[in-house]
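Asker:
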Amino acid sequence: MKIQKTFCRICEAQCGLIANTDNEKIISIEPNPDHVASKGYACMKGLKMGDFAHGPDRLTSPLKKIDGEFQAISWSQALSEIGKKLYDNQQAGSRLFSHWCGSHGNGLCR
Ligand code: SF4
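Numbered by our numbering, the letters in the sequence shown go through residues 244 to 353 in order.
1. Can you look up Lys308 in the DSSP assignment and give me helix, strand or coil?
2. Quick one: any contact between the segment 281-288 and the segment 251-263, if contact means 3 or more CB pairs under 8 Å?
3. Exposed or buried, which one is Ile272 when buried takes at least 16 other CB atoms within 10 Å?
4. Using DSSP with H/G/I as helix, E/B as strand and the rest coil, what is Leu290?
5. In the DSSP assignment, the beta strand (DSSP E) including Ala321 goes from what residue to what residue?
6. Sorted by chain position, which residues of the same chain lie with C-beta nearer than 8 Å to Gly348's C-beta, five sequence neighbours on each side aside?
7. So, helix, strand or coil for Phe340, using DSSP?
8. Measure the alpha-carbon distance for Asn266 versus Gly336 and round it to whole angstroms.
9. Mapping DSSP to helix, strand and coil, what is Ala280?
10. Could you name the residues whose beta carbon sits closer than 5 Å to any heavy atom belonging to the ligand SF4, keeping them in chain order?
11. Could you pull the start and end residues of the beta strand (DSSP E) that Leu260 belongs to?
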């Protein structure tokens, strides 16, 4: 068992967490009482981050909708197809692009 200080990346509060791990597997997560900002607070989303890493229903590859059904594809195929669509849109004169990350509102919209 290894105890590691870390922080939650779900929202901008970035609460301090203490993760108990065993061979790269998260066993439990607790709030870090010594964290300078969160001072021992963490909500259930942060405390359940182990489920993101080890949940049986988590996505492990990109999904593509083919004939109305999502099918797993490789990262290479996904990045290639997305890159081609972005390139084609740019070549067609489109200046519309956005990206969203977390809840920080730090996405780029043009
Ligand atoms: S533990 Fe909850 S409040 Fe803290 S950063 Fe994560 S999601 Fe935000």
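Just so you know, even glycine gets a beta-carbon here, dropped at the ideal spot from N, CA and C.
Answerer: According to the data block:
1. strand
2. yes
3. buried
4. helix
5. Here Ala321 belongs to no beta strand (DSSP E); instead the alpha helix (DSSP H) covers Trp318 to Gln334.
6. Low local confidence applies: a pLDDT of 46 at Gly348 is under 50, so the model's placement there is unreliable, and no value is given.
7. coil
8. 50 Å
9. coil
10. Cys251, Ile253, Cys254, Ala256, Cys258, Ala285, Cys286, Lys288 and Gly289
11. Gly259 to Asp265
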